[in-house]
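See below for the structure under consideration.
What follows is the structure, encoded as structure tokens:
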């Protein structure tokens, strides 16, 4: 019995390692090839580079205009995170606390957005009318809008777990609604706010459909779209493409590793993605 | 009412403005435009007339090309939903056992999900390259002749689905892990005392207890599958021919060709369909909330 158990335990460990290694291979492949010369990378094999070609990264930063596109991505991500978190938290707070008939309908309509697709073509018309097409502000507003349903949903359920007595005590002490929200509620719902911010950041950073539709000029492109464009031009130089991929994915991996706890709790809280 | 005083409606304004103007309004306007002849080549938009108002819809369901988009989208949704659920569950079961470095394995399996689909697409364009790609050169070592993964119309769509499964299964696994961990260990202890085998425990305890979780993962996969764009665009852009074209890449092409009315018609079909699914999603989630 004990022998069988031990064998079983070794078995699951071997299986786990095999699967992990197999699944991570594509990413290791990119990392290895980003350090090779163009000739070595033409094969795209898992063989290690003979000499580490660190200049690949320098070349990519210059030719792929990674500086500008990094700042673009950062601008879009940071501002949409701030805007969407603020508006979603305020709305979710009121919707959760004051469950009047009208508010219930509003909540239902917003959450329905988690499933509903965007009509990009009609959206183009709306953005033209508002004169926010092909502008940074337009993209930021769009990113905030498309992530609203999921963020409201997440914060709403979290606010529901905070006892109402806290509000009542604050109100008796003479708190205004804004004071109540910002100095009492926000500190209490901090965990879910961090989750929302991390997820919104990652989604915005990775997304490229909205810029594809609504940002014509390449100087406003985010990193993901720029790397794809770079790939189109330098598809023979896999070492450079790999270096570009590594640099573009680095911020996402860092945020993921730092915020892993929050990401997992956010995903499993409602088990729903926006 | 005091409630309105302490929880004022103006807190909703920001969200409503963003959501209604940039999300809901285009969806509804889009339905209106689907009854017109809107194109990029004319400033004027005409209503098709009462006799012909459904012409765009008739075309969407009768033209073999558009019908193919619908078929591919449904096939993609069906296959990826089933496989991601199956594989995700298997991985979750494995990674809730006595495995060393559990968190390391979980993190590794989840990493593909945090990468941009565009980047994953580029990575697999290299791996699936028929001549120099890692997959075919590995197969060669074992004496197996590789395939033209992304350019053979018969298998290209399956390759796309395969890559999408690679990217998405870690996410589904993570949800299943949370589901499994929420099952009380006393069930398993009781079963072990009765001498139930591992498989029996899985069949009689894990699986039935995971039904609510599976509802959620299924709905998630279905929503994702029907809306898929990124992965197809990055890997094949609908090609070869229209072999891998799904609704959203099709809509993007209509947009590119300036056939706005047709594009918005395809979008509207999705809009109505997804609104119905969304309704069931919310119902399913509310049920979970009650069970908590």
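Residue numbers (our numbering), protein chains in the order written: chain S, 4 to 277; chain X, 692 to 983. C-beta: ideal position from N, C-alpha, C; glycine also.
Can you round the beta-carbon distance between residue i and residue j to whole angstroms, since I take them to be within the 8 Å contact cut?
i, j, result
"residue 118/S", "residue 969/X", "3 Å"
"residue 724/X", "residue 938/X", "No, residue 724/X and residue 938/X are not in contact; Cβ-Cβ is about 17 Å, not under 8 Å."
"residue 778/X", "residue 874/X", "In fact, because the Cβ distance is near 20 Å, the residues do not count as touching under 8 Å."
"residue 116/S", "residue 924/X", "That pair is no contact at about 23 Å."
"residue 872/X", "residue 787/X", "6 Å"
"residue 161/S", "residue 121/S", "The pair is not a contact, with the Cβ atoms about 26 Å apart (cut-off 8 Å)."
"residue 199/S", "residue 78/S", "That belief does not hold up - the Cβ atoms of residue 199/S and residue 78/S are roughly 19 Å apart, past 8 Å."
"residue 265/S", "residue 207/S", "At roughly 16 Å, the Cβ-Cβ gap does not stay under 8 Å, so residue 265/S and residue 207/S are not in contact."
"residue 19/S", "residue 785/X", "6 Å"
"residue 940/X", "residue 721/X", "Not quite, the Cβ-Cβ distance comes to about 18 Å (not below 8 Å), so this is no contact."
Rounded to whole angstroms, what is the Cα-Cα separation between residue i and residue j?
i, j, result
"residue 180/S", "residue 188/S", "10 Å"
"residue 194/S", "residue 155/S", "14 Å"
"residue 729/X", "residue 136/S", "19 Å"
"residue 982/X", "residue 854/X", "Bear in mind that a pLDDT of 43 at residue 982/X, under 50, signals an unreliable position, so the model cannot answer this."
"residue 253/S", "residue 748/X", "44 Å"
"residue 275/S", "residue 114/S", "Note that residue 275/S scores 39 on pLDDT, short of 50, meaning its location in the model is unreliable and no value can be drawn from it."
"residue 271/S", "residue 153/S", "13 Å"
"residue 808/X", "residue 870/X", "26 Å"
"residue 48/S", "residue 818/X", "9 Å"
"residue 935/X", "residue 780/X", "27 Å"
"residue 915/X", "residue 177/S", "47 Å"
"residue 36/S", "residue 257/S", "21 Å"
"residue 896/X", "residue 789/X", "18 Å"
"residue 99/S", "residue 712/X", "23 Å"
"residue 953/X", "residue 918/X", "17 Å"
"residue 111/S", "residue 971/X", "12 Å"
"residue 46/S", "residue 55/S", "16 Å"
"residue 38/S", "residue 71/S", "23 Å"
"residue 277/S", "residue 7/S", "Bear in mind that the predicted position of residue 277/S carries a pLDDT of just 30, short of 50, making it unreliable; the figure below should be weighed with that in mind. Spanning the two alpha carbons is a distance of roughly 45 Å."
"residue 43/S", "residue 33/S", "13 Å"
"residue 933/X", "residue 756/X", "8 Å"
"residue 704/X", "residue 228/S", "32 Å"
"residue 890/X", "residue 770/X", "25 Å"
"residue 69/S", "residue 226/S", "7 Å"
"residue 804/X", "residue 205/S", "10 Å"
"residue 839/X", "residue 799/X", "29 Å"
"residue 52/S", "residue 41/S", "11 Å"
"residue 885/X", "residue 5/S", "18 Å"
"residue 702/X", "residue 102/S", "14 Å"
Is DSSP giving residue i helix, strand or coil here?
i, result
"residue 833/X", "coil"
"residue 738/X", "strand"
"residue 692/X", "Caution is warranted here: a pLDDT of 49 is assigned to residue 692/X, below 50, making its placement in the model unreliable, and the coordinate value is therefore given only provisionally. The answer is coil: DSSP assigns residue 692/X none of H, G, I, E or B."
"residue 982/X", "Any reading at residue 982/X must be qualified, since the residue scores a pLDDT of 43, below 50, and its modelled position is unreliable; no value is offered."
"residue 727/X", "strand"
"residue 275/S", "Low confidence applies to residue 275/S: its pLDDT is 39, below 50, so where it sits in the model is not reliable, and the reading given next is rough at best. The answer is coil: DSSP assigns residue 275/S none of H, G, I, E or B."
"residue 222/S", "helix"
"residue 807/X", "coil"
"residue 168/S", "helix"
"residue 130/S", "helix"
"residue 959/X", "helix"
"residue 697/X", "helix"
"residue 756/X", "helix"
"residue 65/S", "helix"
"residue 841/X", "coil"
"residue 850/X", "helix"
"residue 966/X", "helix"
"residue 258/S", "helix"
Taking the alpha carbon of residue i as the reference point, which residue from the options has its own alpha carbon closest?
i, options, result
"residue 84/S", "142/S, 236/S, 257/S", "142/S"
"residue 287/S", "815/X, 903/X, 790/X", "Here chain S covers residues 4 to 277 and nothing more, so residue 287/S does not appear."
"residue 931/X", "904/X, 841/X, 922/X, 909/X", "841/X"
"residue 878/X", "864/X, 866/X, 894/X", "894/X"
"residue 695/X", "92/S, 96/S, 159/S, 43/S", "96/S"
"residue 796/X", "131/S, 55/S, 21/S", "21/S"
"residue 908/X", "794/X, 775/X, 751/X", "775/X"
"residue 151/S", "170/S, 182/S, 203/S", "203/S"
"residue 127/S", "813/X, 752/X, 949/X", "949/X"
"residue 844/X", "944/X, 794/X, 763/X", "763/X"
"residue 964/X", "718/X, 750/X, 876/X", "718/X"
"residue 929/X", "812/X, 754/X, 706/X", "812/X"
"residue 868/X", "742/X, 709/X, 901/X", "901/X"
Under a CB-based cut-off of 7 Å, is residue i close to chain A?
i, result
"residue 705/X", "Among the chains of the structure shown, chain A does not appear; the protein chains present are S and X."
The region 914-937 of chain X: which residues have C-beta closer than 9 Å to a C-beta of chain S, in chain order?
914, 915, 917, 918, 920, 921, 924, 925
Within 8 Å of chain X by C-beta, residues of the region 166-177 of chain S in sequence order
170, 174
Name, going along the chain, the residues of the region 772-802 of chain X whose beta-carbon falls closer than 9 Å to a beta-carbon of chain S.
782, 785, 786, 788, 789, 790, 791, 792, 793, 794, 795, 796, 797, 798, 799, 800, 801, 802
Interface positions of the region 734-745 of chain X facing chain S (Cβ-Cβ less than 8 Å), listed along the chain:
none
Quick one, which residues of the region 122-146 of chain S are near chain X if we go by CB-CB under 7 Å, in chain order?
122, 123, 124, 125, 126, 128, 129, 144, 145
Can you pull out the residues from the region 877-888 of chain X whose beta carbon lies closer than 9 Å to at least one beta carbon of chain S?
none
By the 8 Å beta-carbon criterion, what residues does the region 195-220 of chain S contribute toward chain X?
205, 208, 209, 210, 211, 212, 215, 216
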